[in-house]
Each structure stands twice: as structure tokens, then as C-alpha cells.
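Report on the following structure.
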């Protein structure tokens, strides 16, 4: 009887120990999976062609007199979105390349609760004027503690497994809306892609490699050369562009090209992108965020000749896209 009781106690103890071990193991695995998921996802906002302007007049299709309101609305929406790692302005932060315009733009960008960075646009600096790239960078650096770069093109690691590369596509020796990436920068870009290894690479630029629509006076003059550099590498690469004020998402082999519209012209939108690294693939969840200032958006739509050229198709707005690792 005593032996049977002892065996029963031992059996109960073993069952209890197994239960505790199973629960503990499940907890550890769940925690590990949660940590892995958190460590491999990156979220950022792309805002393009804000064309901030202190004047009160509009152009034929840009509601630049409303630029402060439209920018503030985008900033508010971004601030209301949790867990954003950074915000990237992809050129033409200001409409006229004067120091006073940049000085007026900066307090609005400083409202962001997340780190922010920028690429140069053709409206941001001028030929022979005071607002040179050096002065522009110095002004931004003083207003933005996260911006510590000295050149108009740069790279950084926002999180393990990801690399951000910002390109300078602006031609500064003549007045033009075309873009070009010079030989020295192209070599630097090639090396940055090479040293990225297996990381997911996010490229930001103003003048696009892939045009949303043909425009001889706005295109990147050596786009094929830049594209050839990108296609040398097999790791997942996504390119985020502006300049055309147009909406486009195009996947070409293992490269994703994303054009984001302007804040000051229809459709008055920006994007929030979540990227998740998996073992064999990278998933991009792209969200299209229109302004909440609907009266301004309605007026902006009236001002453009063919609104669908700028707003794109439904497939160019939001969606989930996969690249191979």
C-alpha cells in the first residue's frame, strides 16, 4: 500500500513537472517569436514634394499657398501612427530655393515625433544662389539632431537587417528639371550596395529611375546606368521616388519601384510603409494616405488636366508586395 502511494506521488510529480516545463517552453518560444518579429520589421513614412511656400499664390496645378496646412496634416497623421522608425522627405521640401523658405519649413518638420531625413529636390537649391547644398545641410543639421551628414548623398542603418541609401539626383550646373547621378556618386552607390550584403536595401531619391509617365524634361538622364548598378545585386531592393507628383508601384524582377505623389497637388498624399524581413522573402506593406483636408483636395483635383495621371490606378495606391531574399 505504501509502495503504491509512493508511486502515485512520483507519477503526479512527473506530470506536474512536465506541465510546468511545457508551459515554460511555450512561453519562451512565444517570447522568442515575438522578439524575432519585432526585430525584423521596419516602418517608415515617405513624404514627397511638399513645396512649402510662404507666399499666398498658387501655380496652375500646385496649391502651394496651402502648403503649410497640407504639411501639418501629413505630420499629424504620421505622429498618430505608432512605431514609425523614421520619416523620409524625397525632395522639393520647399518651392523656392531661398533661405527664408527653408527656415519657415523647418518648424513644421520639427513637429514630427520621429527621426526625419531628406533627399534633395530640384526646387531645394539654386544655381549661383545663397541656398547651396552646404548651407541647406547646415540649416537642417541645426534644426534636426538626427541629421548628421555633410554630403547631399548618404547612407545609414536604421535597424539590423536594413540599409537606407539616399541619393542626390540634382543637376546644379544649369537650370533644368532633369536629373543625373554623377560618376563619383554612382561608384559610391555601387559600393554601398556591395557592402549591404544580404540586408534589405531602401533607396530614396527625387528624380525617378522608373518614370510614372514619360517626360523628357523631367527624367533621370542616366537612369539605365543607375538601374544596371542596382540589378548587379540579388538582395531585395526597393526604390522610393518623387518629382513627378505621381503615384506608381512597379515591381521589376527583385526590385520594387515606388513613386509617391506631392502634398500640394492632387491627390495630395503620402505613404507609410512597413517592411518585414523573413528567412526567404521580404514583405512590403504599402499604405496610401491622402490628406484629411478634403476641400483643399477637391480644389487640387479641379486644377489638374488629367487627375488619373497623378493619382494612378488602384494597384498603385496600397498593397502587399514580396521580394525574394
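Numbering (the working numbering), first residue to last: 355 to 679. Heads up, the beta-carbon is just placed ideally off N, CA and C, and yes, glycines get one too.
C-alpha gap between residue i and residue j, whole angstroms
{"i": "residue 421", "j": "residue 442", "result": "17 angstroms"}
{"i": "residue 384", "j": "residue 394", "result": "At residue 384 the pLDDT is 46, less than 50, meaning the model places this residue with poor confidence and gives no usable figure here."}
{"i": "residue 390", "j": "residue 628", "result": "Unreliable placement is indicated for residue 390, whose pLDDT of 43 sits below 50; the coordinate value is still reported in the next sentence. Going by the C-alpha atoms only, they are around 15 angstroms apart."}
{"i": "residue 615", "j": "residue 403", "result": "7 angstroms"}
{"i": "residue 526", "j": "residue 575", "result": "14 angstroms"}
{"i": "residue 607", "j": "residue 440", "result": "27 angstroms"}
{"i": "residue 571", "j": "residue 598", "result": "11 angstroms"}
{"i": "residue 386", "j": "residue 664", "result": "Caution is warranted here: a pLDDT of 46 is assigned to residue 386, below 50, making its placement in the model unreliable, and the coordinate value is therefore given only provisionally. Whole-angstrom Cα-Cα distance: 44 angstroms."}
{"i": "residue 493", "j": "residue 446", "result": "16 angstroms"}
{"i": "residue 465", "j": "residue 667", "result": "32 angstroms"}
{"i": "residue 451", "j": "residue 405", "result": "10 angstroms"}
{"i": "residue 641", "j": "residue 398", "result": "11 angstroms"}
{"i": "residue 537", "j": "residue 500", "result": "28 angstroms"}
{"i": "residue 635", "j": "residue 438", "result": "22 angstroms"}
{"i": "residue 621", "j": "residue 431", "result": "16 angstroms"}
{"i": "residue 449", "j": "residue 639", "result": "30 angstroms"}
{"i": "residue 588", "j": "residue 577", "result": "19 angstroms"}
{"i": "residue 505", "j": "residue 637", "result": "31 angstroms"}
{"i": "residue 550", "j": "residue 540", "result": "15 angstroms"}
{"i": "residue 460", "j": "residue 411", "result": "21 angstroms"}
{"i": "residue 675", "j": "residue 453", "result": "40 angstroms"}
{"i": "residue 661", "j": "residue 653", "result": "12 angstroms"}
{"i": "residue 649", "j": "residue 623", "result": "14 angstroms"}
{"i": "residue 515", "j": "residue 396", "result": "10 angstroms"}
{"i": "residue 511", "j": "residue 528", "result": "34 angstroms"}
{"i": "residue 671", "j": "residue 593", "result": "16 angstroms"}
{"i": "residue 513", "j": "residue 673", "result": "23 angstroms"}
{"i": "residue 547", "j": "residue 498", "result": "27 angstroms"}
{"i": "residue 645", "j": "residue 651", "result": "7 angstroms"}
{"i": "residue 684", "j": "residue 613", "result": "This structure cannot speak to residue 684, because the chain is shown only from 355 to 679."}
{"i": "residue 488", "j": "residue 669", "result": "39 angstroms"}
Supposed contact pair residue j and residue i - C-beta distance, whole angstroms, cut 8 angstroms
{"i": "residue 568", "j": "residue 600", "result": "With a Cβ gap of about 11 angstroms, residue 568 and residue 600 do not count as contacting."}
{"i": "residue 426", "j": "residue 477", "result": "Residue 426 to residue 477, Cβ: 20 angstroms. No contact."}
{"i": "residue 580", "j": "residue 591", "result": "So it is not a contact: roughly 12 angstroms between Cβ atoms."}
{"i": "residue 677", "j": "residue 424", "result": "No, residue 677 and residue 424 are not in contact; Cβ-Cβ is about 32 angstroms, not under 8 angstroms."}
{"i": "residue 490", "j": "residue 455", "result": "Their Cβ separation, rounded to whole angstroms, is 11 angstroms, which puts residue 490 and residue 455 out of contact at 8 angstroms."}
Span of the beta strand (DSSP E), counted from its first residue to its last, around residue i
{"i": "residue 442", "result": "440 to 444"}
{"i": "residue 627", "result": "623 to 631"}
{"i": "residue 398", "result": "395 to 401"}
{"i": "residue 639", "result": "635 to 644"}
{"i": "residue 519", "result": "516 to 520"}
{"i": "residue 617", "result": "From DSSP, residue 617 is part of no beta strand (DSSP E); its letter is neither H nor E."}
{"i": "residue 651", "result": "Counting along the chain, residue 651 falls outside any beta strand (DSSP E), though it belongs to the alpha helix (DSSP H) covering 648 to 657."}
{"i": "residue 678", "result": "673 to 678"}
{"i": "residue 603", "result": "602 to 606"}
Pair within 9 angstroms by beta-carbon distance, residue i and residue j
{"i": "residue 495", "j": "residue 508", "result": "no"}
{"i": "residue 605", "j": "residue 562", "result": "no"}
{"i": "residue 457", "j": "residue 552", "result": "no"}
{"i": "residue 400", "j": "residue 626", "result": "yes"}
{"i": "residue 643", "j": "residue 473", "result": "no"}
{"i": "residue 560", "j": "residue 530", "result": "no"}
{"i": "residue 535", "j": "residue 611", "result": "no"}
{"i": "residue 444", "j": "residue 475", "result": "yes"}
{"i": "residue 433", "j": "residue 471", "result": "no"}
{"i": "residue 545", "j": "residue 573", "result": "no"}
Run of the alpha helix (DSSP H) containing residue i, from where it starts to where it stops
{"i": "residue 457", "result": "453 to 463"}
{"i": "residue 419", "result": "Premise fails: residue 419 is in no alpha helix (DSSP H) and is neither H nor E."}
{"i": "residue 577", "result": "577 to 584"}
{"i": "residue 549", "result": "537 to 549"}
{"i": "residue 563", "result": "It is not in any alpha helix (DSSP H) - residue 563 carries neither H nor E in the DSSP assignment."}
{"i": "residue 508", "result": "Where residue 508 is concerned, there is no enclosing alpha helix (DSSP H), although the beta strand (DSSP E) it sits in stretches over 508 to 510."}
Cβ-heavy atom distance, residue i to the ligand SAM, below 8 angstroms
{"i": "residue 514", "result": "By its list of ligands, the structure shown contains no ligand whatsoever, and the ligand SAM lies outside what it can speak to."}
Q. Does the pairing of the stretch 512 to 522 with the stretch 536 to 556 give three or more beta-carbon distances under 8 angstroms?
A. With the rule of 3 Cβ pairs closer than 8 angstroms, the stretch 512 to 522 counts as touching the stretch 536 to 556.
Q | the stretch 403 to 417 in contact with the stretch 651 to 663 per 3-pair CB rule at 8 angstroms | A | Yes, the stretch 403 to 417 touches the stretch 651 to 663.
Q) Can you find at least 3 beta carbon pairs, one from the stretch 481 to 497 and one from the stretch 621 to 640, that sit closer than 8 angstroms? A) no
Q. Counting Cβ pairs, one atom from each stretch, are 3 or more of them under 8 angstroms apart for the stretch 617 to 627 and the stretch 575 to 588?
A. Touching, no, given that fewer than three Cβ pairs across the two stretches are closer than 8 angstroms.
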